[in-house]
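For the record, the sequence lines run as chains D and X.
When the first sequence is numbered by my numbering, its final residue is 594 and no position is left out of the sequence of numbers.
When the second sequence is numbered by my numbering, its final residue is 313 and no position is left out of the sequence of numbers.
The beta-carbon is built from N, C-alpha and C at its ideal position, and this holds for glycine as well.
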Amino acid sequence: ETGVTQSPTHLIKTRGQQVTLRCSSQSGHNTVSWYQQALGQGPQFIFQYYREEENGRGNFPPRFSGLQFPNYSSELNVNALELDDSALYLCASSFLAGPTTKQFFGPGTRLTVL
Amino acid sequence: GQQVMQIPQYQHVQEGEDFTTYCNSSTTLSNIQWYKQRPGGHPVFLIQLVKSGEVKKQKRLTFQFGEAKKNSSLHITATQTTDVGTYFCAGPMNYGGSQGNLIFGKGTKLSVKP
């Protein structure tokens with residue numbers, strides 16, 4: 481096990497609602513990245529937080545936002561949910577050390593939007 | 200834009216047969232990482248290759264990084280039912296403004312018939 485935890489495990493929402501997903505990083509890791517994994521696809525990078533600031537963003541709209549807290553736990557917020565937001569949301573923690581950084585994934589939150 | 204492609208998408212083998220998945224990047228990579236995701240699980244880090252032409256072995260798994268650092272392969276000798284899962288390759292993103300974030304291939308889903 482990686483020591484990265486996520487909550488909740490599963491979540492069902494309806495279109496237009498807002499959702500908050502939570503992640504607790506592995507001890508000693510100061511960086512967290514969030515990924516979206518649609519069914520049958522590889523994970524897609526949403527954004528990364530390093531020392532409580534956004535440190536890079538993938539091709540996701542502004543309604544995807546996040547926070548990182550002093551204890552390095554993190555939140556992913558999605559506003560105005562759309563059906564296509566249904567996916568497994570993964571957080572991955574790491575100790576930022578350049579492009580060869582190894583990432584440790586949590587078990588994910590499976591979001592279903594109806 | 201930057202792409203990482205994997206083939207085949209699916210592979211069904213008889214237990215004991217060999218298995219290979221191939222990964223190709225549209226850009227030169229500083230390193231490549233391989234992850235395994237069991238059904239219903241999350242990606243688990245397997246290995247990272249950094250040097251041109253590098254070959255690494257983990258028991259029955261052999262990983263190669265191409266000379267041009269744009270392709271890679273994973274070969275499993277004498278597959279077992281425990282090898283079932285989806286194998287992803289991933290390389291560092293060259294956009295998004297942050298280090299350590301990954302662009303994943305779509306994965307190769309391996310099924311093993313006992």
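For residue i, the nearest candidate out of the options (CA to CA)
i	options	result
residue 563 of chain D	D:485, D:494, D:487 and D:553	D:494
residue 293 of chain X	X:308, X:224 and X:285	X:224
residue 201 of chain X	X:283, X:263, X:246 and X:226	X:226
residue 551 of chain D	D:589, D:504 and D:484	D:504
residue 569 of chain D	D:515, D:496, D:499 and D:492	D:515
residue 496 of chain D	D:529, D:526, D:489 and D:543	D:543
residue 511 of chain D	D:589, D:594, D:588 and D:571	D:571
residue 303 of chain X	X:232, X:215 and X:212	X:232
residue 539 of chain D	D:530, D:533, D:526 and D:490	D:526
residue 272 of chain X	X:257, X:221 and X:258	X:221
residue 490 of chain D	X:276, X:287, X:239 and X:260	X:239
residue 209 of chain X	X:266, X:215 and X:219	X:219
Residues that residue i contacts on chain D, provided the C-beta gap is smaller than 9 angstroms
i	result
residue 306 of chain X	520, 521 and 522
residue 244 of chain X	482, 582, 583, 584 and 585
C-beta contact flag for residue i and residue j at 9 angstroms
i	j	result
residue 522 of chain D	residue 306 of chain X	yes
residue 501 of chain D	residue 591 of chain D	yes
residue 546 of chain D	residue 529 of chain D	yes
residue 587 of chain D	residue 486 of chain D	yes
residue 498 of chain D	residue 567 of chain D	no
residue 276 of chain X	residue 212 of chain X	no
Within chain X, partners of residue i - CB distance below 8 angstroms
i	result
residue 525 of chain D	292, 295, 300, 301 and 302
Backbone CA spacing between residue i and residue j [nearest angstrom]
i	j	result
residue 284 of chain X	residue 513 of chain D	23 angstroms
residue 593 of chain D	residue 251 of chain X	44 angstroms
residue 243 of chain X	residue 254 of chain X	20 angstroms
residue 270 of chain X	residue 247 of chain X	13 angstroms
residue 300 of chain X	residue 534 of chain D	13 angstroms
residue 286 of chain X	residue 312 of chain X	17 angstroms
residue 309 of chain X	residue 556 of chain D	31 angstroms
residue 259 of chain X	residue 217 of chain X	10 angstroms
residue 249 of chain X	residue 589 of chain D	31 angstroms
residue 228 of chain X	residue 274 of chain X	20 angstroms
residue 207 of chain X	residue 264 of chain X	18 angstroms
residue 574 of chain D	residue 288 of chain X	18 angstroms
Closer than 9 angstroms at the beta carbon, the chain X residues around residue i
i	result
residue 587 of chain D	240 and 241
residue 496 of chain D	Within chain X, no residue comes near residue 496 of chain D; the closest Cβ sits about 28 angstroms away, beyond 9 angstroms.
Contact set between residue i and chain D, taken where Cβ atoms lie within less than 7 angstroms
i	result
residue 287 of chain X	522
Amino acids of chain X, ordered along the chain, whose beta-carbon sits closer than 7 angstroms to that of residue i
i	result
residue 573 of chain D	By Cβ distance, chain X contributes nothing, its closest Cβ being about 11 angstroms from residue 573 of chain D, past 7 angstroms.
Practice task
List in chain order: all unbroken beta strand (DSSP E) runs of 3+ residues lying wholly within the region 263-295 of chain X.
Solution key: 270-275 and 284-291
Handout entry: Continuous beta strand (DSSP E) assignments of at least 3 residues falling wholly in the region 483-511 of chain D
Key = 485-487, 490-493 and 499-504
Handout entry: Segments assigned beta strand (DSSP E), at least 3 residues, entirely inside the region 218-258 of chain X
Key = 218-224, 231-236, 243-248 and 254-257
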